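K.L.:
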Amino acid sequence: MASQVVQKLEEEGFKVKISDCGIIAHLHHRTPSRAEIVDAVPELKKCPMGRVEEGVLVEFEDSRFLP
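Numbering (UniProt numbering), first residue to last: 1 to 67.
1. Is residue 10 helix, strand or coil when you go by DSSP?
2. Give the range of the alpha helix (DSSP H) segment to which residue 36 is assigned.
3. Is the beta carbon of residue 22 less than 7 Å from the beta carbon of residue 57?
4. Nearest to residue 50 by alpha carbon, out of 3, 26 and 41?
5. Consult DSSP for residue 66 and reduce its assignment to one of helix, strand or coil.
6. According to the Cβ coordinates, are residue 41 and residue 5 closer than 7 Å?
Structure, rendered in structure tokens:
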């Protein structure tokens with residue numbers, strides 16, 4: 001699921017960084033809102049999110065998708 005989420009977010013103009021807790025999404029020079037992320041990828045509606053220094057951390061139940 002994570003690779004599909006990353007791809008969808010990138011297609012919508014987000015920059016995405018993979019972390020050990022999930023993914024961090026941001027827009028060029030600002031932190032997006034939860035609504036913007038959910039609008040881009042509705043499947044993320046139930047995922048916990050929180051602001052971090054780099055953007056918005058989207059946590060996955062199974063965050064072990066690192067290579």
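Even glycine gets a Cβ: it sits at the ideal position worked out from N, Cα and C.
Note that this is a predicted model, so its numbers are computed, not measured.
P.N.:
Concretely, from the data shown:
1. Reduced to three states, the DSSP call for residue 10 is helix.
2. Counting along the chain, the alpha helix (DSSP H) containing residue 36 begins and ends at 34-40.
3. A contact, by the Cβ cut-off of 7 Å.
4. 26
5. For residue 66, the predicted model reports a pLDDT of 42, less than 50, meaning its position is unreliable and no value from the coordinates is stated.
6. Between residue 41 and residue 5, the C-beta spacing is below 7 Å.
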